[in-house]
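Participant:
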Amino acid sequence: TGARLGLDPLVCNIIQSWLVDSTALSKATLSLTIDQNHATDIEKNISWTLTRDEDFNFRAAHWADLHGLLLGSLPPQVAFLWGHHFTSFDIADDKSSITVNAKVVQTGEIVQIIGDLLVAADGALSAVRQTFLPHHELRYAGYCAWRGVLDFAGN
Numbered sequence: 324t325g326a327r328l329g330l331d332p333l334v335c336n337i338i339q340s341w342l343v344d345s346t347a348l349s350k351a352t353l354s355l356t357i358d359q360n361h362a363t364d365i366e367k368n369i370s371w372t373l374t375r376d377e378d379f380n381f382r383a384a385h386w387a388d389l390h391g392l393l394l395g396s397l398p399p400q401v402a403f404l405w406g407h408h409f410t411s412f413d414i415a416d417d418k419s420s421i422t423v424n425a426k427v428v429q430t431g432e433i434v435q436i437i438g439d440l441l442v443a444a445d446g447a448l449s450a451v452r453q454t455f456l457p458h459h460e461l462r463y464a465g466y467c468a469w470r471g472v473l474d475f476a477g478n
């Protein structure tokens with residue numbers, strides 16, 4: 324149970340290119356073969372189909388499964404540091420590296436980490452994005468809820 328991501332075919336191809344096992348993504352996700360948009364008029368007690376796509380070809384991935392696949396595919400020389408909170412970063416003048424300042428959660432110590440790439444995967448209220456794009460304002464993009472029925476009869 325829990326929130327899942329809908330991954331379109333292009334995203335699936337990109338993620339698969341990062342994984343050591345080319346079948347890992349299809350094993351860890353569920354096929355979303357049909358997309359149907361439905362409307363309901365509660366006052367009139369009627370509902371109808373707005374659109375239906377039977378060649379949808381998306382995959383449903385749980386966050387934890389996707390994180391595990393990506394983390395497990397990192398080469399040994401890549402440092403992934405748990406328990407660090409981003410505070411700031413500096414890009415080298417020649418743009419060949421980035422220095423990240425982070426606070427170690429357990430000790431409160433500020434450490435510098437030098438790397439080739441900073442991945443801002445810190446959520447909707449990203450501190451990395453706010454530092455990199457300080458004048459970018461978030462905007463409400465609407466609320467969306469998906470409900471799905473998955474057939475597990477064959478499993």
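Residues are numbered in the working numbering as their position in the sequence shown, beginning at 1, plus a constant of 323. The beta carbon of each residue, even a glycine, is placed where N, CA and C say it ideally should be.
1. Counting along the chain, where does the beta strand (DSSP E) carrying Thr410 start and finish?
2. Determine whether the beta carbon atoms of Asp376 and Asp358 lie at a separation below 7 Å.
3. How should Ile338 be labelled, buried or exposed, when 16 other C-beta atoms within 10 angstroms of its C-beta is the threshold for buried?
4. Please confirm whether any heavy atom of the ligand FAD lies closer than 6 Å to the CB of Pro332.
5. In terms of alpha-carbon separation, which member of Thr454, Val451, Ala447, Phe455 lies closest to Leu461?
6. Would you mind giving the Cβ-Cβ distance between His361 and Leu342, rounded to the nearest angstrom? I have them listed as a contact below 8 Å.
7. In the structure shown, what three-state DSSP assignment does Asp378 receive?
Facilitator: Looking at the coordinates:
1. Here residue 410 refers to the residue found at position 87 when the sequence shown is read from its first residue. DSSP places Thr410 inside the beta strand (DSSP E), whose first and last residues are 407 to 414.
2. Along the sequence shown, one-based indexing puts residue 376 at 53. Along the sequence shown, one-based indexing puts residue 358 at 35. Yes, Cβ-Cβ distance for Asp376 and Asp358 is below 7 Å.
3. Numbered from its first residue, the sequence shown carries residue 338 at position 15. The residue is buried, with at least 16 neighbouring Cβ atoms inside 10 Å.
4. Questions concerning the ligand FAD fall outside what the structure shown contains, since it holds no ligand whatsoever.
5. Counting from 1 along the sequence shown, the entry for residue 461 is found at position 138. Answer by Cα proximity: Ala447.
6. Looking up residue 361 in the sequence shown gives position 38. Looking up residue 342 in the sequence shown gives position 19. Rounded to the nearest angstrom, the Cβ distance from His361 to Leu342 is 34 Å, too far for a contact under 8 Å.
7. One-based indexing of the sequence shown puts residue 378 at position 55. If DSSP states are grouped into helix, strand and coil, Asp378 belongs with coil.
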